[in-house]
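Below: the structure, in C-alpha cells.
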Amino acid sequence: MDVLVDLANGFALALTWENLAFALIGCLLGTLIGVLPGIGPVAGVALLIPLTMNLNPASAIIMLAAIFYGTTYGGTITSVLLNTPGEAASAITTLDGYEMTKQGRAGSALTIAAVGSFVGGTAATILLVIAAKPLGSLGLKIGPPEFFALVMVGLSLLVALSGKSMIRALISGVIGLLIAMIGVDPVAGAPRSPSAPTVCSTASAS
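Whatever position you read off the sequence shown (first residue = 1), add 34 for my numbering.
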C-alpha cells in the first residue's frame with residue numbers, strides 16, 4: 035500500500051499546472067531536437083540541462099523526462115515522414131510508418147506512434163514503481179554463482195543459435211570473454227583479470 039500511496043503523491047505533484055507547463059515545454063523542445071538525425075534522447079537531455087538550472091528539483095526532473103520522451107518521438111517523426119530514423123529506437127518505425135506515409139496516412143501513423151508510446155510508457159512506469167522493491171530484493175541475492183550461470187546460459191544460447199557455423203560462434207564467444215576480462219569492475223573496483231595488460235586496463239578505465 036505504501037507504494038500506491040507514493041505513486042498517488044507522485045501523480046498529484048506531476049499533474050499541477052506548473053509542472054504540466056514544464057512538461058509541455060520539455061516535450062516541444064525535445065521534439066525539435068529529436069527530428070535532427072544523430073541526436074538521440076541522451077544527447078538532447080544533455081544539451082538542454084542548462085534550462086533547468088533555476089527550477090526546483092521536481093520541475094527540473096519532470097522537464098528533463100519530457101525532453102527525453104519528446105526527443106524519442108521526434109526521431110519517430112523523421113522515421114515516418116522521411117524513412118530516416120532520428121535515433122536508434124525509432125528505426126523499427128520505418129517499416130510500417132513510412133509505408134503508411136506513402137499511402138497518404140502520415141497523420142494516422144504519427145498519432146498511432148504518439149498514443150502507443152504514451153500508453154506503453156505510462157503502463158511501464160506504473161509497473162516499474164510497483165515491481166521495483168521486489169526486483170531490488172531479488173537483485174541483492176544475485177551473487178557470483180548466479181552470474182556464472184547466466185554467462186553459461188548466454189554461451190549455450192550462442193552455440194544453439196549459431197546454426198551450422200558452431201566453430202565461429204565458439205571463437206566469437208571466447209573473444210568476447212577475453213575482451214570482458216579487460217578493465218576494472220565498476221561495482222567492486224577490482225581488476226577483472228590480474229593477467230590483463232596494464233595498458234588495456236588503464237585505457238578502458240579512462
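C-beta: ideal position from N, C-alpha, C; glycine also.
Whole-angstrom Cβ separation of residue 53 and residue 92, contact assumed at under 8 Å?
7 Å
Whose C-beta lies closer than 8 Å to the C-beta of residue 134 among residues of the same chain, with five residues either side of it excluded?
114, 140, 142, 143
Quick one: grab the DSSP three-state call for residue 91.
helix
Return the CA-CA distance between residue 226 and residue 218, expressed in angstroms with no decimal places.
The alpha-carbon separation between residue 226 and residue 218 amounts to approximately 5 Å.
Any idea if residue 97 is buried or exposed, counting beta-carbon neighbours within 10 angstroms, 16 or more meaning buried?
Buried.
Report the partner residues of residue 179 according to the DSSP bridge assignment.
Bridge partners of residue 179: none, in fact.
What residue does the alpha helix (DSSP H) around residue 222 start on, and which one ends it?
Run containing residue 222: none; DSSP gives neither H nor E here.
Let me know if residue 42 comes out buried or exposed under the rule of 16 or more other beta-carbons within 10 Å of its beta-carbon.
exposed
Could you tell me if residue 209 is buried or exposed, where buried requires 16 or more neighbouring beta carbons within 10 angstroms of its beta carbon?
It counts as exposed.
State buried or exposed for residue 194, treating a residue as buried only when at least 16 other CB atoms are found within 10 Å of its CB.
exposed
Once DSSP output is grouped into helix, strand and coil, what is the label at residue 43?
helix
Does residue 164 pass the burial test, meaning 16 or more other C-beta atoms within 10 Å, or should it be called exposed?
exposed
Please report the straight-line C-alpha distance between residue 57 and residue 201, rounded to a whole angstrom.
52 Å
Among 81, 49, 116, which one has its Cα closest to the Cα of residue 136?
If you compare the alpha carbons of 81, 49, 116 with that of residue 136, the shortest gap goes to 116.
Determine the contact status of residue 121 and residue 173, defining contact as a CB-CB distance below 9 Å.
Cβ atoms of residue 121 and residue 173: not closer than 9 Å.
Figure out for me which residue from 124, 118, 89, 160 has the closest Cα to the Cα of residue 106.
Check the Cα spacing between residue 106 and each of 124, 118, 89, 160: the tightest is with 124.
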